[in-house]
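Trainee: Be aware that the sequence shown starts at 567, since it is given in the working numbering, and climbs by one per residue. The C-beta atom is built at its ideal place from N, Cα and C for all residues, glycine as well. Treat the numbers as computed from the prediction; the structure is a model and nothing was measured. Submitted below is the structure of interest, expressed as structure tokens.
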Amino acid sequence: MRVDLFDFDLPTNLIAQRPMVPRDSARLLLGGANNVFTDHGVGQLAEFLSPGDICVFNDTRVIPARLKGMRGAAKIEITLHKNAGADVWHAFARPAKKLKVGDKIDFSPNLSAHAMEKLDGGEIILRFNVGGPELMAALSETGAMPLPPYIKRDNLADEKDANDYQTMFANTPGAVAAPTAGLHFTPDLISTLTGRGINHTHLTLHVGAGTFLPVKADDTNEHKMHAEWGEISNDAANAINQARKNGGRVVAIGTTSLRLLESAANNDGTLMPFSGETDIFITPGYNFKIVDMLMTNFHLPKSTLFMLVSAFAGLDYMKNLYAHAIKNQYRFYSYGDACLLTRAK
């Protein structure tokens, strides 16, 4: 499909720069039949689900993956995006043009890395001077939350972002972008859902910085997704399969949860335990196997995520829903509001 089919105009004043407080006070746009959309709050989510439904959250934990360093006398900024070993990471460098294989980058007196390989699009492979837990500790001291470029800060992400850009479910370190639909949830909201008999479980998908990359191809067939590592435990797969068997709906909280669920599901809709990488790219025409509903934030024009929601609910439908959101001043992107979608028949 032509990428420009997924374009739309968004006023820049609608790009959220901070989340709502409390988190579940964000707005929730509910999609209905015949392009009828209604405005609610995230705190009302339980009203639109049924006992026996199961919400699936991504419990990945965002690491402080953005670093500022020196290549000799030259400044360089690095964003880690995929782990490839205890001390090896794929990363995006800015500027990358003058960086050479073998160059050393110093981030602090205790943290440095060498460029092992240069790839296309400003991507490099780095080997750090420390690895494993020692590297994670060094990143916590030196790095910053890897906020997407549309969230503007004078420097790197600030101390408030260290909490704001992490979901309440964050448990398994490795993501370099937040699963942003999960940012809306609070213990009170989970308690309300549980009280109505709505179940929940977790999977892990380490979201990569590739999620921010624009689609530069003219046709979706020419775009290559970056692979991301994910895991679905036996317990989670069993809980989801049992919910479906009992007539409950599978509600993916965020596109990251949806992508991993669809990667691990059989054609008959049963879910298998999973551990490994996925580069699934969902565009209109995709046959969904397991996810019935999707709660998600509002995404960038011509992005792979807007393509995914268009595949889930219909391209024309999503354009109408986004037009409603823009007209009614919904807040967009990572710190913005959310919508609740039902899979198109």
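Taking the continuous alpha helix (DSSP H) assigned at M543, which residues delimit it?
Mentor: Residue 543 lies beyond the stretch modelled for the chain, which goes from 567 to 911, so this question has no answer here.
Trainee: Could you spell out where the alpha helix (DSSP H) holding P617 opens and where it closes?
Mentor: Neither: P617 is in no alpha helix (DSSP H) and is coded neither H nor E.
Trainee: Closest by CA to L594, which one among V696, S616, Y899, G609?
Mentor: G609
Trainee: Please identify the residue among G638, D653, P850, R584 whose C-alpha is closest to the C-alpha of R897.
Mentor: R584
Trainee: Tell me where the beta strand (DSSP E) around R909 begins and ends.
Mentor: No beta strand (DSSP E) holds R909; DSSP gives it neither H nor E.
Trainee: Quick one: what does DSSP say K684 is sitting in, helix, strand or coil?
Mentor: strand
Trainee: Closest Cβ-Cβ distance between G607 and chain D: below 9 Å?
Mentor: Among the chains of the structure shown, chain D does not appear; only one protein chain is present.
Trainee: Since L576 and I629 should fall inside the 8 Å C-beta cutoff, what is the C-beta to C-beta distance between them, to a whole number of angstroms?
Mentor: Not confirmed; about 29 Å, so no contact.
Trainee: Which word fits L749, buried or exposed, when buried means at least 16 other C-beta atoms lie within 10 angstroms of its C-beta?
Mentor: buried
Trainee: I'd like to know whether the C-beta atoms of A743 and V773 end up nearer to each other than 9 Å.
Mentor: yes
Trainee: Only counting runs of 4 or more residues, tell me where the alpha helix (DSSP H) segments fall wholly within the stretch 739-821, in order along the chain.
Mentor: 753-761, 800-811
Trainee: Is it right to say N600 is buried, meaning 16 or more other beta carbons lie within 10 angstroms of its own, or is it exposed?
Mentor: N600 is exposed by the Cβ-count criterion.
Trainee: Quick one: grab the DSSP three-state call for R825.
Mentor: helix
Trainee: Measuring alpha carbon to alpha carbon, tell me which residue in K641, E788, D720 is nearest D669.
Mentor: K641
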